[in-house]
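Undergrad: Have a look at the structure that comes next, please.
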Amino acid sequence: MLAMLLLAAAYVGMPWYAASQVAATAHSEDMDRFRGYVDLPAVRTNLKRHLQQSLRGSMGEDMPRDLSDFLSAGANLFLGPLLEGLVTGESLAALLRGGDALWQFERELYPPQPGRELSPAGSDDKTDEDAGYLQLRRWGFTGINHIAADYGASDKTELRLILERQGLHWRVVELRFPEMEEKEQDRGENDENG
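According to our numbering, the sequence shown is numbered sequentially starting from -15.
Laid out in structure tokens, this is it:
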């Protein structure tokens, strides 16, 4: 019985520890330890998949399938090298240090489009001088081997990292910008209703 309790405590404690260490190592700029908590190829692959979905969604349903596939294939030629240069251990650590780095990274991944202007993350709540390190605000299991960890400089979630259990370790495999996800959902609902 005691062994089962210890296993359950470890199962819950290990992802929390990993999620908190992701932020702590980024803040201390301990890049060797930080990279141990991040699966960069998985992060790039998941970002590429999300960007491809956004591209397909932005093309509209009126576009012929062959043309849509052709444009997507052309975009894929650029996405790989682009993400290879943008998504590095240093850039992800900079995101967790907050401030303009988060806003700039978000702008590079999601360029403003008419009617969808971006402002610096959390700019409604604070000035640039107040922008601080993103701290782990909350986390929870999304599956047996996945957790979502929300980070922010205030109570507002500015960055969500998805961690996956890989053997005995938990590593970041995906990043999301909750504010952008909400705007895309709102735009999708407006498109359906309008």
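Beta carbons are placed, not taken as given, at the ideal position from N, Cα and C, and that holds for glycine.
Model, not experiment: these values are computed from the prediction.
1. Can you look up threonine 141 in the DSSP assignment and give me helix, strand or coil?
2. Just the C-alpha distance for serine 12 and leucine -11, rounded to the nearest angstrom, thanks.
3. Report yes if the CB atom of alanine 137 is closer than 9 Å to the CB atom of arginine 122, and no otherwise.
4. Counting along the chain, where does the alpha helix (DSSP H) carrying phenylalanine 161 start and finish?
5. Can the beta-carbon of valine 156 be found less than 9 Å from the beta-carbon of leucine 76?
6. Do you know how far the Cα of leucine 80 is from the Cα of proline 162?
7. Along the alpha helix (DSSP H) that carries arginine 81, what are the first and last residues, could you check?
8. Strictly by DSSP, which residues pair up with tryptophan 123?
TA: Judging by the given coordinates:
1. coil
2. 33 Å
3. no
4. Run containing phenylalanine 161: none; DSSP gives neither H nor E here.
5. yes
6. 15 Å
7. First-last for arginine 81: undefined, no H or E at that position.
8. Ala133
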